[in-house]
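Structure record follows, encoded as structure tokens.
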């Protein structure tokens, strides 16, 4: 029997047996088209039927698939025959194939040219693939949460400024319970916890989260049930979810860990889950992205607390609600809360930010800059290879002339040149891709160190597609100048004059000059960008931070509640510890502070200044720290007025220290010392200013000194405090002894983040450092490639003028004159390039103004530096061939023709 | 490319059509080729060869509509032209002359 080619007969059961495999048939339909398609499809179906009758359905199906595969392999030939008028297309395919073969043969014949061109292209295309690998992970890799585009963060603003601020429990609960824009809202906070039992005590990054926090993110633990969301009783707060890394490190990846008890901050907690390996906390800070344990935070009893702001909130938008709608609702709700609770909420606004905006916003400008730098390098590389092929094209003039004499049309010649370019570029791309692939782990570490640990970097199909596209594009681009030059080969000139070239002809000479100008211009722009980034980084790390970090060791400790239940015991612990540390040999002084500078942690308070008649609702927000005032001495923060209080004892009034900014802002007449104020969340405690100290850049080099006051530890005892220790000698020498002293004081309290303060500060500028390093790398590549390009072109030009130079020197021109003749030409080109590059640099500088610190985007020093370096490199590149020209023996030069 | 020279596969296809009665279409051609040579044959290769032979003027083709054949799809029939005899003859001749005197080798 025979079965129709359309395969639309029979029941489902019989159909699968009696007709060709559907998938294969579908593929075949895509391959053959036109009037012959029905013939091919039908005859193949007929063959299938006869095979099925002879050998059974399975064999027939296999046969059919194999045939389709055969058609796919011969797709071009088959397509040509299935439509008529095919001969031409068929031959075109064969022509291209022969062009490719021809191109490969040509490349083999000129190994030096091939190696140089492929290496240059590999550099240019590889750099772009590497950048694209980084960028594509940010563009295409979704954040590791369920439907991440629905997630938003909700912040409040501080009073008098629009910066994001943490949220009070009362406001959070109102948001959670009274908004319609969100499916759910969850609060969380970052903290450092001490983990003990099962080995030495260890401080780990932890997070207190609303029990349904992971539900909002749409991520479930890989092991265990997670927090019991339904029953939010206090007993359940003694639960903990571990990160994958902590589980492996501390518990050896033991699957029975769920249900086990661990001690956190001295209290027993039950392990209820282990998060998946790739889970990351939705944080911008690289440190907090690696949060390692989560405990539930029960806030329902804090409904009345609208003054203490320490929560972050994440929310999932309800279906169909846009970010804008959510914003509108939150703005209205914010106004309502400000009216209802003016003391806590007046003067504050609510900010809704998408998670993506929050996490990636800081990274994107750098990535865009990378893309642009990569494109510029690629253009320089293309210009360079174009120059090489042009020079080679000169040698091939007679080949082209002969070919067109033998009947090769102009189009044919053009196509061959473009095919050659693309083949060359693809070779370069292949080498470049291998390099990128080999360096993928390096890219991953750049990514997680400088950008974000939230998405993974890898060479995937997108990178390959991008690379091939870039290669084809570059191949066409750098083939064009030669194609232009060769499309009208001067047949007579090439054949009659033979090798008597006159500098390669005015046309291609002009093209090459243009390429030189372009290269110099682009390299200038890149160099200026690199100089701007470098200078900006230099400015950044040389900003006086207001304190002296060198020679200081820092660490932090948390006194756990069960052992240190009250203010007195907490105070005693810190006092004993600071005395023990001070007794360590080599330690000069010890200070204590609630949070170290250059960390993202901040505590804020609204202050009501006595005698100002200000409603507490209008009270300004200022920052505060808890200190033992030796802190100022250890860090060299100058005392400007008054006398530092005792950190360990306070009377009825709490003595506080203000910084200069706060003093100037609120007591501009210099009357700060002696002034009194209260904090809005504890109006019963009066603070009296007893001293004024210098400003400190608390938020990093690029921050400003916020108005700040310092409360003595005795006035506000805190479990978690950071210690700063000044060593009399090298600070590294006291680290081990300090650690030992902390452990000796209480074996359950480890010293966390123990290290040199200066190194912690260096970490804070990792991103700008990366930007300037990457900028420098690209600029160096650009400088190298374009210098080589200038050199290549000029030495070629000199070689072409050998005869002329020989005649001139035979006629008595002296060496200096000849050198300057050659160099005049080069200097003109370099100058034009420098001017164009400077214009480009001005535009680039404006575009990247956001990345710069303390350097104007039109920074004259950077412009001058770039012009100097490129000018020098360009002149050197032209001087060498010029010298060589002079060294030519006139008789040799004349004979060479 | 010389128009008269025949590839080995093209030669096989021509001989098979000759055997099948001077006119045939792909299904029997493939079946006969496989039966005679004992090897699997790709239908796509046969199509390409047929088209090429047609372009060389050694074959002509006509379309058989479903109405004519009683099949649900059209078929393309290929017939040998008179021009085919010359290249086949010369191909056979050159092969035979190459083998001339070498037959004993095969017996060893």
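Chains as they are written, first to last, in the working numbering: chain C, 82 to 978; chain E, 1244 to 1351. Yeah, the Cβ is synthetic: ideal placement off N, Cα and C, and Gly gets one too. In this text, all values refer to a predicted model and were calculated from it rather than measured experimentally.
- Query: Whose Cβ in chain C lies nearer than 8 angstroms to the Cβ of residue 1317 of chain E?
  - Reply: Near residue 1317 of chain E (Cβ distances below 8 angstroms), the residues of chain C are 119, 120 and 123.
- Task: With distances taken Cα to Cα, identify the nearest neighbour of residue 288 of chain C among C/417, C/657 and C/371.
- Result: The closest CA to that of residue 288 of chain C, considering only C/417, C/657 and C/371, is found on C/371.
- Which of helix, strand or coil DSSP assigns to residue 750 of chain C: Coil at residue 750 of chain C, not helix or strand.
- Task: Look up residue 1266 of chain E in the DSSP assignment and give the residues it is bridged to.
- Result: Answer by DSSP bridge pairing, in chain order: E/1322.
- Query: How about residue 155 of chain C: is its C-beta nearer than 7 angstroms to some C-beta of chain E?
  - Reply: Flagged as an interface residue toward chain E: residue 155 of chain C, by a C-beta distance shorter than 7 angstroms.
- Message: Measuring only the C-alpha atoms, how far is residue 362 of chain C from residue 276 of chain C?
- Response: One C-alpha to the other measures close to 19 angstroms.
- Message: Please tell me whether residue 151 of chain C has its Cβ less than 7 angstroms away from any Cβ of chain E.
- Response: Interface with chain E (7 angstroms Cβ-Cβ cutoff): residue 151 of chain C is included.
- Query: Can you name the residues of chain C whose CB is closer than 9 angstroms to the CB of residue 1288 of chain E?
  - Reply: Using a Cβ-Cβ cut-off of 9 angstroms, residue 1288 of chain E is close to 151 and 155 of chain C, given in chain order.
- Message: Restricting to Cα atoms, I'd like to know which of C/133, C/213 and C/152 is closest to residue 542 of chain C.
- Response: Measuring C-alpha to C-alpha distances from residue 542 of chain C to each of C/133, C/213 and C/152 identifies C/213 as the nearest.
- Item | Exposed unless 16 or more other CB atoms sit within 10 angstroms - verdict on residue 631 of chain C | With fewer than 16 other Cβ atoms within 10 Å, it is exposed.
- With residue 320 of chain C as the anchor, note down where its beta strand (DSSP E) starts and where it stops. From DSSP, the beta strand (DSSP E) with residue 320 of chain C extends over 320–323.
- Please report how far the alpha carbon of residue 1305 of chain E lies from the alpha carbon of residue 1317 of chain E, in whole angstroms. Taking the Cα positions, residue 1305 of chain E is about 10 angstroms away from residue 1317 of chain E.
- CB contact flag (residue 266 of chain C, residue 394 of chain C, <7 angstroms): In contact: residue 266 of chain C and residue 394 of chain C (Cβ atoms closer than 7 angstroms).
- Query: Is the CB of residue 132 of chain C under 7 angstroms away from at least one CB in chain E?
  - Reply: No, no contact with chain E.
- Which residues in chain E sit within 7 angstroms of residue 438 of chain C, going by Cβ to Cβ distance? Those do not exist, as residue 438 of chain C stays about 54 angstroms from chain E at its closest Cβ, beyond 7 angstroms.
- Under three-state DSSP, which class holds residue 1342 of chain E? Reduced to three states, the DSSP call for residue 1342 of chain E is helix.
- Message: For residue 180 of chain C and residue 148 of chain C, what's the separation of their Cα atoms in angstroms?
- Response: A direct Cα-to-Cα measurement between residue 180 of chain C and residue 148 of chain C gives close to 29 angstroms.
- Can you round the beta-carbon distance between residue 600 of chain C and residue 685 of chain C to whole angstroms, since I take them to be within the 8 angstroms contact cut? Rounded to whole angstroms, the Cβ separation of residue 600 of chain C and residue 685 of chain C is 53 angstroms, and the two are not in contact under 8 angstroms.
- Using three-state DSSP, classify residue 797 of chain C as helix, strand or coil. Residue 797 of chain C falls in the coil class under three-state DSSP.
- Message: Would you call the segment 380–392 of chain C in contact with the segment 203–219 of chain C, where contact means no fewer than 3 C-beta pairs closer than 8 angstroms?
- Response: Output reads no: the segment 203–219 of chain C does not touch the segment 380–392 of chain C.
- Item | Cutoff 7 angstroms: residue 104 of chain C Cβ touching any chain E Cβ | Cβ-Cβ to chain E under 7 angstroms: no for residue 104 of chain C.
- Query: When you compare only the Cα positions, how much space is there between residue 665 of chain C and residue 830 of chain C?
  - Reply: Their backbone Cα atoms lie some 18 angstroms apart in a straight line.
- Item | Selection of the segment 1307–1334 of chain E by Cβ proximity to chain C, strictly under 7 angstroms | Answer in chain order: 1314, 1315, 1316, 1317, 1318 and 1319.
- Does the Cβ-Cβ distance between residue 531 of chain C and residue 848 of chain C come in under 7 angstroms? When the beta-carbon positions are compared, residue 531 of chain C and residue 848 of chain C come within less than 7 angstroms of each other.
- Find the nearest neighbour of residue 669 of chain C within the set C/687, C/616, C/807 and C/291, judged by alpha-carbon distance. It is C/807 whose Cα lies nearest to the Cα of residue 669 of chain C.
- Item | Contact list for the segment 1256–1284 of chain E against chain C, Cβ threshold 9 angstroms | Here the close residues are 1268, 1269, 1270, 1273, 1274 and 1283.
- Considering only the beta carbon of each residue, do residue 793 of chain C and residue 719 of chain C sit closer than 7 angstroms? Taking 7 angstroms as the Cβ cut-off, residue 793 of chain C and residue 719 of chain C do not qualify as a contacting pair.
- Compute the Euclidean distance between the alpha carbons of residue 1336 of chain E and residue 1251 of chain E, then round it to the nearest angstrom. Roughly 14 angstroms between the two C-alpha positions.
- residue 196 of chain C versus residue 909 of chain C: straight-line alpha-carbon distance, rounded: Between residue 196 of chain C and residue 909 of chain C, the C-alpha separation is close to 30 angstroms.
- Given that a residue counts as buried once 16 or more other Cβ atoms are within 10 Å of its Cβ, and exposed if not, what is residue 426 of chain C? Counting C-beta atoms within 10 angstroms of its own C-beta, residue 426 of chain C has 16 or more neighbours from the protein chains shown and is therefore classed as buried.
- DSSP beta-bridge partners for residue 804 of chain C? Paired residues: C/636 and C/673.
- Just confirm the distance between the C-beta atoms of residue 865 of chain C and residue 610 of chain C, as a whole number of angstroms; I'd bet it's less than 8 angstroms. Incorrect: roughly 16 angstroms between the Cβ atoms, too far for contact.
- Alpha carbon to alpha carbon, what distance is there between residue 111 of chain C and residue 1357 of chain E? Beyond the ends of chain E as shown, which are 1244 and 1351, falls residue 1357 of chain E; an answer cannot be given.
- Query: For chain E, is any of its Cβ atoms less than 7 angstroms away from the one on residue 115 of chain C?
  - Reply: Answer no: the Cβ-Cβ gap between residue 115 of chain C and chain E never drops below 7 angstroms.
- Span separating the alpha-carbon of residue 1259 of chain E from that of residue 100 of chain C: Rounded to the nearest angstrom, the two C-alpha atoms are 28 angstroms apart.
- Message: From the DSSP secondary-structure annotation, give me the bridge partner or partners of residue 269 of chain C.
- Response: Note: residue 269 of chain C sits in a beta bridge opposite C/290 and C/393.
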